[in-house]
Amino acid sequence: MADLLPPLMAAQVDAKTKVDEKVDYSNLPSPVPYEELHREAFMSLKADNFEGLRFDFTKALNQKFSLSHSVMMGPTEVPSQSAETIKIPTAHYEFGANYFEPKLMLIGRVMTDGRLNARLKADLTDKLIVKANAQITNEPHLSHAMFNFDYMGSDYRAQLQLGNSALIGATYIQSVTNRLSLGGEVFWAGVPRKSGIGYAARYESDKMVATAQVASTGAVVMNYVQKISEKVSLATDFMFNYFSRDVTASVGYDYILRQARVRGKIDSNGVASALLEERLSMGLNFLLSAELDHKKKDYKFGFGLTVG
Amino acid sequence: MAPKRIGVGGGDSSILAKIANSSIVSQGRNAACDAVYVSKKLLKSTGKAAWIAGTTLLILVVPLVIEMDREQLLNEMEFQQTSLLGTPPPAGGMPMY
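Those protein sequences? They're chains A and B, same order as listed.
The numbering used here runs 10 ahead of the 1-based position in the first sequence.
The numbering used here runs 63 ahead of the 1-based position in the second sequence.
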């Protein structure tokens, strides 16, 4: 599996890291889960920019149980045949309930347009975690459910995924040294009869994380995050699809200050976006989001408030 | 005199028309037209670039600068508070942000 990966890890090793202690191969740390491989990069590069008003209110009734109310108003894009995107102003209210326990987590959300979303995460044993995710809508054939079974070994993780329209997937990731972990995934979708295979690698140190992922659907994703200080990190990302020849590169930053968090990103498609979360007082956060698409001349701005 | 004047007023063989149609002058005229065209395009594209750079900097840099200033103000006030209350500034116990 390792010889099929592009040899790009060597160029990204930070030259100033301290000399590694002798690697103890029998005691390697557990790797990050396969779906969180790009976690650091996506924190700054895939911030959730929104358009319109967003208001979230979370009220904890108990130490374990909390309710949430959320209002979202703004234009949403409707996919259309013509080149122009059509935006329709929508508004909806979402009610949710969360139950958190050390070994069990239940989350449910229901929206005014009739959608119900439920998530479950349970630690069956010390090493086996089961996760389930279901979404039920009014429209026929749009509901779906997915079950994941994660097994965590001493220095590896394996996951099995089952979806409702005959979707089966499996991922496996293994720590090779203290810093390098390699993984692969395989999936088979029943409805469009497709199967795919992919590989991933992740190299991390105290100050940087570099990951790469290749999939047989033609997508190649590589990203690099450098942690400049406790507060600041910079990330860059390169995605290309070797079938459709789409290339995108982006650079972003993430500043975590005591009273605010600013995330900004600029893209090779001519998109610049920023998200600012400011803590007005205890439990009260003010959000401002902006996204400028210079190529399509599409500008989106949003503001929101999060309580609790 | 009169025929000469009539000759100056019209006809291809007059001196001014000859000068105006000579190759050097026509080349100069073409070059001037090109220069005007290029400079118009340059002005337009500079304007476009300035707009794109300006708006992008406005959303990427300005909030960051504002927040960093606030953080610095907060640090200064905290430092003042600690020095006012008489406690020595923390050396390594409290994480200095």
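Where a beta carbon is used, it is the ideal one built from N, C-alpha and C, also for glycine.
Asked, Found
"Whether V317/A touches G293/A by CB criterion (8 angstroms)", "yes"
"Residue-chain proximity (K307/A, chain B), Cβ-Cβ < 8 angstroms", "no"
"C-beta contact flag for A222/A and A211/A at 8 angstroms", "yes"
"Where E61/A falls: helix, strand or coil (DSSP)", "coil"
"Residue interval of the beta strand (DSSP E) (run including Y35/A)", "Element bounds for Y35/A: n/a, residue is neither H nor E."
"Cβ pair V140/A, A128/A closer than 8 angstroms", "no"
"Close Cβ partners of N295/A (< 6 angstroms) along its chain, the five nearest in sequence each way excluded", "E287, R289 and T316"
"Three-state class that DSSP yields for S175/A in the structure shown", "coil"
"Neighbouring residues, chain A, relative to E139/B (Cβ below 9 angstroms)", "By Cβ distance, chain A contributes nothing, its closest Cβ being about 13 angstroms from E139/B, past 9 angstroms."
"From A180/A, A142/A and R189/A, residue whose alpha carbon lies closest to that of D165/A", "R189/A"
"Contact belief for E130/B with A270/A at Cβ below 8 angstroms, rounded distance in angstroms", "4 angstroms"
"Option nearest Q169/A by Cα separation, candidates L130/A, K74/A, F159/A and K307/A", "F159/A"
"Span separating the alpha-carbon of L138/A from that of H154/A", "23 angstroms"
"Inter-residue spacing [alpha-carbon to alpha-carbon] between Y263/A and L55/A", "8 angstroms"
"Nearest-angstrom Cα separation, counted from N84/B out to S77/B", "11 angstroms"
"Own chain, CB closer than 6 angstroms to V23/A, minus 5 neighbours either side, in chain order", "At V23/A, the pLDDT of 38 sits below 50, so the modelled position is not reliable; the number obtained from the coordinates is stated separately. The answer is none, since no qualifying residue turns up."
"Contact list for I115/B against chain A, beta-carbon separation under 7 angstroms", "H304"
"Any chain A beta carbon closer than 8 angstroms to L136/B", "no"
"Cβ pair G274/A, L121/B closer than 8 angstroms", "no"
"Short-range partners of chain B found in the segment 267-285 of chain A, where Cβ spacing is below 9 angstroms", "L267, R268, Q269, A270, R271, V272, G274, K275, I276, G280, A282, S283 and A284"
"8 angstroms Cβ cutoff, T118/B in contact with chain A", "yes"
"Distance between A116/B and A70/A (C-alpha atoms, nearest Å)", "45 angstroms"
"Close beta carbons around P89/A, own chain, < 8 angstroms, minus the five adjacent residues each side", "T95"
"Proximity test, Cβ basis, 8 angstroms: A300/A and chain B", "yes"
"Start and end residues, alpha helix (DSSP H) containing L79/B", "I78 to N84"
"Among E46/A, V201/A, D123/A and V261/A, nearest to T2/A - alpha-carbon criterion", "The structure shown does not extend to residue 2/A, since chain A is modelled only from 11 to 318, so the question has no answer here."
"DSSP-derived helix/strand/coil call for R133/B", "helix"
"Nearest-angstrom Cα separation, counted from G194/A out to P39/A", "18 angstroms"
"Where Y265/A meets chain B, residues with beta-carbon distance less than 8 angstroms", "L127, E130 and M131"
"Anticipated Cβ contact below 8 angstroms, V201/A with S226/A, distance rounded", "Incorrect: roughly 18 angstroms between the Cβ atoms, too far for contact."
"Whole runs of the alpha helix (DSSP H) within the segment 39-110 of chain A, excluding any shorter than 4 residues", "49-55"
"8 angstroms Cβ cut-off: residues of chain A touching L249/B", "As shown, chain B starts at 64 and ends at 160. That puts residue 249/B outside it, with no answer to give."
"Cutoff 8 angstroms: I78/B Cβ touching any chain A Cβ", "no"
"Rounded C-alpha distance that separates N251/A from I178/A", "23 angstroms"
"Sub-8 angstroms separation of M249/A and V231/A beta-carbons", "yes"
"Supposed close pair E301/A, S283/A - CB separation, criterion 8 angstroms", "4 angstroms"
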